[in-house]
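With the sequence shown counted from 1, adding 8 to any position gets you the working numbering.
Notes for the one structure printed next.
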Amino acid sequence: PSIPVDWLRGSPPVEIAYAPDPQAIAVAIDKLIMSPELRQELQTRGLEFASRFEWPAVVASTLNLYREARQAPARK
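As structure tokens, this is what we get:
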């Protein structure tokens, strides 16, 4: 069986094969072997998702978070 990975916020829906299940891994690999289009789509989406974690993106995200925190009203 595969597991929906909906906790990857902001990413397109993906599925992963459950690692302890060799049959699920074999099915997932076979699916990739038989579908060049799926391989390309997953590669493209994976690279787009991974780019969020490059240092310039992390720095920009962190700075935005600090700016928002400074502008937020103080809690009592």
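A virtual CB, placed ideally from N, CA and C, is assigned to each residue, including glycine.
Cβ separation of Ala65 and Ser59, assumed to be a contact under 8 angstroms, to the nearest whole Å: Position 57 of the sequence shown, counting from 1, holds the residue named residue 65. Position 51 of the sequence shown, counting from 1, holds the residue named residue 59. Indeed, because the Cβ distance is near 7 angstroms, the residues count as touching under 8 angstroms.
Alpha-carbon to alpha-carbon, Ala36 and Pro45: In the sequence shown, counting from the first residue as 1, residue 45 sits at position 37. In the sequence shown, counting from the first residue as 1, residue 36 sits at position 28. Note that residue 45 is Glu in the sequence shown here, rather than Pro. Their backbone Cα atoms lie some 14 angstroms apart in a straight line.
Nonlocal neighbours in the same chain, by C-beta distance under 8 angstroms from Ala82, ignoring five residues either side: Your numbering for residue 82 matches position 74 in the sequence shown. Taken in chain order, the list of residues that qualify is empty.
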